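Everything on this sheet refers to the single structure shown next.
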Amino acid sequence: MAVERMAAARTAAGAGPGAAARGAPAHRGRLATAVHGAGSGAGTVLASAAVLLAFLAAWEWLPPLFDIPAYILPPASKVWSEFWRMLATERLLHHSGITALEVVAGFALGSALGALMGFVLGAAPRAELVLSPYILALQIAPKVAFAPLFVMWLGYTVYPKILVAVLIVFFPIMVNVLTAIRTVDPDLVNLARSFSATRWQIFRMIEYPATLPPLFSGLRIGATLAVIGVVVGELVGGNIGLGYLLVFGEGQGNTAMVFVTIIALTLIGIAAYGAVILVERRVLHYLPRAQHRTV
Amino acid sequence: MGSKVRIEFRRVWKRFPARGRGGGEVSAVEDVSLAVRDGEVVSIIGPSGCGKSTLLNMGAGLYLPSAGEVYVDGEPVAGPNPHVAFMLQKDLLLPWRSIRENVELGLEIRRVPAADRRARAVALIERCHLTGFESHYPHQLSGGMRQRAALARTLAVDPTVLLMDEPFSALDAQTKMVLQQDLAQTVAEEGKTALFITHDLVESIALSDRILVMSARPGRIVTEIPVSIPGREAPIRRRLDTRVGPLAARLMEELHIGEAMPAEAF
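First to last, the protein sequences are chains A and B. For what it's worth, this note's numbering labels the leading residue of the first sequence as 24, then goes sequentially. For what it's worth, this note's numbering labels the leading residue of the second sequence as 1027, then goes sequentially.
Put into structure tokens, the structure is as follows:
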């Protein structure tokens, strides 16, 4: 995760002011778009679909071929019928809705707090210096280990799940924003100062926009982490959410049910990640296209 | 050229705290006095790290001298002020702003109404030969065009004094000459005063009325050389003058370029 964050920060730094190669021809960005455009054509989509089909086929027919029993690895068709059963009798949509809600709430709160804390510590280097050992300790602490504690505090409600997500989302976003504020080109700040900018104007016109690319790298990481936090919270206690269905399916020895739940969780994660990407494309529209392609 | 002094350094010293634990101070600039009159272009040349940029930063009011005073338009400089604008080697364009929005930056900070800002930016974009690129983003422009946009942004706040710190040194030779020509024309037409820092001897000769030579750190001004070649507003033509060569030779001598080389190198 740390490595991922470093990479994210670096991507962001690359997007920073003055990073685009000097003397590069004006059409560079457009050329890059054209190349990528050709790469993600109909052929690629077809190939991806073929991979999915091959995977599903292997899942359906290979396990029986090797005498793997269905309670270890249920074939795709079994999982599919289990999905319909769960929709009808296990309130799959209800539990999915609760998990999705917790993910959204935890992600929104965690990223808002993380960004805010990043900005505050960025503006107060002394405070950062004083707090840095504790921030580091909290960052190293496995956040999901807090889940039982939160359940003990807040009971079998949605709140402990949201809290785990908040905690796990908070750090990558805070660190990215803080690093970005620290690495804003001091000459940019001097430029604004030479125009007699106030502290607030410097933040609003220079520092804040400069942190947006790393902030979005943090949000992408956060979107996937939020799902992890929520599921662990649900695994620990309560009778709501997809995490509960996981435990329930396990208890019943219903492997297909566990599979369906994992797929549902993945879909929620994909939706959260996709939403971040959509917003990012709109907000960071000024970046060269190629930089959006980092998955 | 008027006789009014636009920017003046009076016995300016600048010391910085030395790096490391030992304490103490490092002198960046020692006892520098200079005055630039209205409409004059003065170049400062000197070895790397001689405190040229420190001088400019004090002129812009970004930091204050340790001793001595800086005056702009007769007023002591106590911080950033509207009479001065600076331009660096880095274009410092904000990647999230279009070219027009970048040109408007200074005006926006000074709370000029949006319509006025826009009109002024569009006029300067035209003057700097960037018409058609108003809504482009910096990454879509070449290095030369980006530096043109930086010049437009500098001129947009209508400063009386331009402080330029090697603004063209990152450009290729041809682009550099075209931009020097544009800058010289603009400065002449608008009657701007400029203090220009450069490494490039011929650039300093082509663009300025006077050249100040600084010593190695701690920087002090060792010589002043007037450039009595006509055509300061057209540096491309001025470069071809026969007096440029001897003047460059004299600057090399003043800067001790070549002296440190071992004889075998020749």
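The C-beta atom is built at its ideal place from N, Cα and C for all residues, glycine as well. All values derive from a computational prediction rather than experimental measurement.
- Query: Using CA coordinates, which residue listed in 1036/B, 1053/B, 1038/B and 1189/B is at the minimum distance from residue 1044/B?
  - Reply: Out of 1036/B, 1053/B, 1038/B and 1189/B, 1053/B has the C-alpha closest to the C-alpha of residue 1044/B.
- Going along chain A, which residues have a C-beta under 7 Å from residue 1132/B? By Cβ distance, chain A contributes 218.
- Message: Give me the residue from 157/A, 194/A, 179/A and 236/A with the minimum Cα distance to residue 206/A.
- Response: For residue 206/A, the nearest C-alpha among the options comes from 236/A.
- Message: Run through the DSSP bridge pairs and tell me what residue 1247/B is partnered with.
- Response: 1240/B.
- Item | Residue nearest to residue 116/A in terms of C-alpha spacing, selected from 309/A, 274/A, 268/A and 310/A | Per the Cα distances, 268/A.
- Item | Test item: CB-CB of residue 211/A and residue 1177/B under 8 Å | No, Cβ-Cβ distance for residue 211/A and residue 1177/B is not below 8 Å.
- Using the rule of at least 16 other Cβ atoms within 10 Å of the residue's Cβ for burial, across every protein chain shown, is residue 1122/B buried or exposed? Burial call: buried.
- Query: At a Cβ threshold of 8 Å, is residue 1088/B touching chain A?
  - Reply: Closer than 8 Å: yes.
- Backbone secondary structure at residue 1064/B - three-state DSSP: It is coil, neither helix nor strand.
- Query: Mind pulling the chain B residues with CB within less than 7 Å of residue 213/A?
  - Reply: Residues of chain B whose Cβ lies closer than 7 Å to the Cβ of residue 213/A are, in chain order, 1088.
- Short-range partners of chain A found in the stretch 1093 to 1126 of chain B, where Cβ spacing is below 9 Å: For the stretch 1093 to 1126 of chain B, which is checked against every Cβ of chain A, the residues closer than 9 Å are 1105, 1106, 1107, 1108, 1110, 1111, 1112, 1114, 1116, 1117, 1118, 1119, 1120, 1121, 1122, 1123 and 1124.
- According to DSSP, what are the bridge partners of residue 96/A? The partner list for residue 96/A (beta bridge, DSSP) is empty, contrary to what the question assumes.
- Query: residue 179/A CB to nearest chain B CB: under 8 Å?
  - Reply: Not a single CB atom of chain B sits nearer than 8 Å to the CB of residue 179/A.
- Query: By how many angstroms is the C-alpha of residue 216/A removed from the C-alpha of residue 1101/B?
  - Reply: Rounded to the nearest angstrom, the two C-alpha atoms are 19 Å apart.
- Task: For residue 1136/B, go through chain A and note every residue whose CB falls closer than 8 Å to its CB, in chain order.
- Result: Simply 218 and 219.
- Message: Against chain A, does residue 1062/B count as a neighbour if the rule is that its beta carbon must be under 8 Å from one of theirs?
- Response: Not an interface residue.
- Let me know the alpha helix (DSSP H) ranges lying completely inside the stretch 127 to 205 of chain A, each 4 residues or longer, listed in chain order. List check, alpha helix (DSSP H) in window: 148 to 163, 170 to 177 and 182 to 205.
- If residue 137/A and residue 193/A are in contact, beta carbons under 8 Å, what's the gap, nearest whole angstrom? About 4 Å separates the two Cβ atoms, so the contact holds.
- Message: On the CB-based measure, 16 or more other CB atoms within 10 Å of its CB, does residue 240/A come out buried or exposed?
- Response: Counting Cβ neighbours within 10 Å, residue 240/A comes out buried, since at least 16 surround it.
- Item | Reduced DSSP category for residue 235/A - H, G, I as helix; E, B as strand; rest coil | Reduced to three states, the DSSP call for residue 235/A is helix.
- Contact list for the stretch 1165 to 1183 of chain B against chain A, Cβ threshold 8 Å: Flagged, chain order: 1165, 1166, 1167, 1168, 1169, 1170, 1171, 1172 and 1183.
- Is residue 1098/B helix, strand or coil by DSSP? In this structure, residue 1098/B counts as strand in the three-state DSSP scheme.
- Select from 1262/B, 1227/B, 1267/B and 1199/B the residue whose C-alpha is nearest the C-alpha of residue 1283/B. Relative to the Cα of residue 1283/B, the nearest Cα in the group 1262/B, 1227/B, 1267/B and 1199/B belongs to 1227/B.
- Would you mind working out which of 229/A, 163/A, 170/A and 201/A sits nearest residue 257/A, comparing C-alpha positions? The alpha carbon of residue 257/A has as its nearest neighbour, out of 229/A, 163/A, 170/A and 201/A, the alpha carbon of 170/A.
- Message: I need the DSSP call for residue 82/A, collapsed to helix, strand or coil.
- Response: Residue 82/A: helix per DSSP, three-state reduction.
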